[in-house]
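Data block below; observations after.
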Amino acid sequence: MGTSTLRNHLLCCPDYLNTFEDENQTTSHEMKDESKSHVFDKEACRKALTRLIIIDELPFSFVEKEGFQQYSKQLEPNFDLPSRRTLARDVYKLFCDEKQKLRNFFVSNKQRVCITIDAWTSIQNYYYMVITAHFIDSEWKLQKRIFNFCTVPDHKGETIGKVIESCLLEWGVERVFTITVDNASSNELAINYVKKKLKNWSENGLVLDGDFLHMRCCAHILNLIVNEGLKDLHVSISRIRNAVKYVKSSPARLKKFKICVEHERIEDAGLVVQDVSTRWNSTYLMLESALKFQKAFERMEDDDRHYVLYFKEDGGPPNSDDWENANVFVLFFKSFYDITLKFSGSMYVTSNLYFHEMCSIHSDLTSLIESGDDLVLSKMAIGMKNKYDKYWGSIDRLNNLLLISVILDPRYKLKYVRFCFEDIFVIDEVGKKSEEVKNLLIRLYEYYKDLDTRIGGCGSSSGAKRYLLEPCEHVDDDDFEILAWWKMNSIKYRVLSHIAKDVFAIPISTVASESAFSTGGRIIDSFRSSLSLKMVEALICSQNWLRNTFVPLQDEPTMEELEFYEAMISEFGSSATTEAMTLD
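When the letters of the sequence shown are read in order and numbered with the working numbering, they come out as residues 573 to 1156.
Below you can see the structure in the form of structure tokens.
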């Protein structure tokens, strides 16, 4: 009776019924959201598939594979997979659409870029050239975009120059800050050709008449310096290279080598690596790994007679002197290997690293030569120092924009550059060289101040001088982000921030362009060597564009922001707040 009475009461109770209705509506709403039907979008599926093929470097025939078709049907039964021919058309359309969007950005913002150029010969025996643009966007993020991946008929300077000219015209780019290339003589002719064209296109196409347009690849120069030191160790390196080649030439030989490793109780998880003889850094890695297995190689002489016969014409397998030379090489060139890695970065600023490492190399080589403690190292250092002097031994041979990048690093400024000059040049030249670099900064400042009417009138060269006089930042180098610092201080140093954007965008090596060739090698493999030249470019460029997050450039700062800071200055006068807000 009690239960029935309670039920009848609740059914007549307005408060209870309202509560139940609210709960029921909430539950129904949640169920509706959970069971919300998926809306099939054919175009979205096509675009997603196209991106999959491009980003993951899959062949067009992938869509016709039985397993993928079954998987696709399970995910979206309504989607009919396109044929390989339709997919190829979709890829090229996406390439054209993305290129147009990117071109609109460069044209509308008159974006100044730094360029890297490199060349490569494909499996088809086509001579490809890649041009990559580097710049810092409105959010102070370093960006890089491949402009083109095209074939060129020959290696002549004028030919290369015309390809660069055509590329810039196609992209609507008139402002080029630097062009980074290797030391081939044809590249110098190409840059001179481009310089003439850029002067004709736009009054502001070149900064300071293009006096600093040519940037030599620092990683390539370092490679020449190190290879000079390797000459005396060539025989030892060659023997160890052949020993590595022997054990990796067949599964049977590699198996015997692994048995020797086990018997010698070598507990290294890795294994020997084969080098590319033209790349000293890969030779360094080969020797570093081979030294860990020295005892295993020596055991091979006793356990495998074919191993000894393999070296019969080369004076035998690596001996104790060869291994000692290899050990010297690894210890001596460890710092050079680390510097090469720094120079080869393309996802972070490298222009401000160059001068530090150049001075470090000079100091190390000079110390080895003067000490004479190790005759082998001293002899190596003499040869390397001669090669160093050829490219970096005089300030006249340097691109001084790389010194400006050190000055614009708030941790160092001009005082650090002068300090390093004292170690490199005779005392009579230090003051003169320091003044030359300072005057270059002033010239850049005046050029950028007059470049934009919004900047002009906001300051004079005193802004640059004030920056130099202010104390350096004392921060941990590992935690310091130079672009973040300039983003925070871009209002305070309005003109200098524009210089900093271009200077810090300079790549000091061509590795960014070289990386496109590793992609090209995978895309133009022996199974897809029949791809047309246009399709190869579409695949490589589109992958680069799709993999990079792009932040549109905005006006910086807005006129409202400038007016706000000017009002702050008027209100606070010469207080500390004013100092923090002052425009250049």
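The C-beta atom is built at its ideal place from N, Cα and C for all residues, glycine as well.
Query	Result
According to DSSP, is glutamine 646 part of a helix, a strand, or is it coil?	helix
Excluding the 5 residues preceding and the 5 following tyrosine 960 in the sequence, name in chain order all residues of the same chain whose CB lies nearer than 8 Å to its CB.	Ile797, Ile933, His934, Leu937
Between leucine 863 and asparagine 958, what straight-line distance do the alpha-carbon atoms span, to the nearest angstrom?	29 Å
Going straight from the alpha carbon of methionine 872 to that of phenylalanine 915, what length do you get?	39 Å
Please determine, among Glu942, Asp754, Val748, the residue with the shortest C-alpha to C-alpha distance to asparagine 772.	Val748
What span of residues does the alpha helix (DSSP H) with phenylalanine 784 cover, start to end?	Phenylalanine 784 -> no alpha helix (DSSP H), and no H or E assigned at all.
Should the region 684-699 be regarded as contacting the region 659-670, the criterion being three or more beta carbon pairs within less than 8 Å?	no
For the beta strand (DSSP E) containing lysine 716, name the first residue and the last one.	714-723
Tell me whether the beta-carbon of aspartate 754 lies closer than 8 Å to the beta-carbon of cysteine 722.	no
Of all the options His878, Ser892, Val735, which has the alpha carbon lying nearest to the alpha carbon of isoleucine 812?	Ser892
Thinking arginine 717 and asparagine 1116 are a contact (beta carbons under 8 Å), I'd like their distance in whole angstroms, please.	7 Å
Have a look at Ser1062, Lys1106, Glu1109, Leu1068 and flag the residue whose alpha-carbon is nearest the alpha-carbon of glutamate 711.	Ser1062
Does the count of Cβ pairs from the region 1071-1078 and the region 895-910 closer than 8 Å reach three?	no
Could you pull out every residue in the same chain whose Cβ sits closer than 7 Å to the Cβ of proline 1129, ignoring the five residues on either side in sequence?	No answer about proline 1129 holds up, because its pLDDT of 41 lies below 50 and its placement is not dependable.
What residues match up with cysteine 686 in a beta bridge as DSSP calls it?	His706, Thr750
Could you give the distance in angstroms between the alpha-carbon of tryptophan 1057 and the alpha-carbon of lysine 713?	12 Å
Quick one: grab the DSSP three-state call for phenylalanine 1144.	In this prediction, phenylalanine 1144 scores a pLDDT of 37, lower than 50, which makes its location untrustworthy; no coordinate-derived value is stated.
Using DSSP with H/G/I as helix, E/B as strand and the rest coil, what is tyrosine 984?	coil
Have a look at the DSSP bridge pairing and note the partners of tryptophan 692.	Tyr700
For my contact list, leucine 1111 and isoleucine 627 are in at a C-beta cut-off of 8 Å; report their separation, rounded to the angstrom.	No, leucine 1111 and isoleucine 627 are not in contact; Cβ-Cβ is about 10 Å, not under 8 Å.
Note down, in chain order, each residue of its chain lying with its Cβ closer than 8 Å to the Cβ of glycine 944, except the 5 sequence neighbours on either side.	Ser950
With a cut-off of 8 Å on the beta carbons, I'd call phenylalanine 719 and glutamine 683 a contact; round off their distance for me.	So it is not a contact: roughly 12 Å between Cβ atoms.
Return the first residue and the last residue of the alpha helix (DSSP H) that proline 823 is part of.	823-835
For valine 1083 versus serine 918, is the C-beta distance shorter than 8 Å?	yes
Less than 8 Å separating the beta-carbons of phenylalanine 632 and arginine 656?	yes
Comparing C-alpha positions only, which one of Ser644, Leu859, Trp895 sits nearest to glutamate 870?	Trp895
With burial defined as no fewer than 16 other Cβ atoms inside 10 Å of the residue's Cβ, what is the status of isoleucine 999: buried or exposed?	exposed
Quick check: the Cα distance between tyrosine 988 and isoleucine 1054, rounded to an integer number of angstroms?	16 Å
Out of Phe901, Glu629, Gly639, Val679, state which residue places its alpha-carbon closest to the alpha-carbon of leucine 805.	Phe901
Identify which residue in Gln866, Ser966, Leu974 has its Cα closest to the Cα of leucine 785.	Leu974
Below 8 Å on the Cβ atoms is my guess for isoleucine 979 versus valine 1009; work out the distance and round it to an integer in Å.	7 Å
Output needed for valine 921: all residues of its chain with C-beta closer than 7 Å, excluding positions within five of it in sequence on either side, in chain order.	Leu714, Ile1054, Leu1055, Phe1076
Would you mind sorting glutamine 866 into buried or exposed? The rule is 16 or more other CB atoms within 10 Å of its CB.	buried
Assuming valine 779 contacts isoleucine 736 under a Cβ cut-off of 8 Å, what Cβ separation, rounded to an integer in Å, is found between them?	With a Cβ gap of about 17 Å, valine 779 and isoleucine 736 do not count as contacting.
How would you label methionine 603, buried or exposed, when you count the other beta carbons within 10 angstroms and need 16 or more for buried?	Because methionine 603 sits at a pLDDT of 46, beneath the cut-off of 50, its placement in the model cannot be relied upon, and the point is left open.
Relative to the C-alpha of isoleucine 976, which candidate in Ile996, Glu834, Ala1036 has its C-alpha closest?	Ala1036
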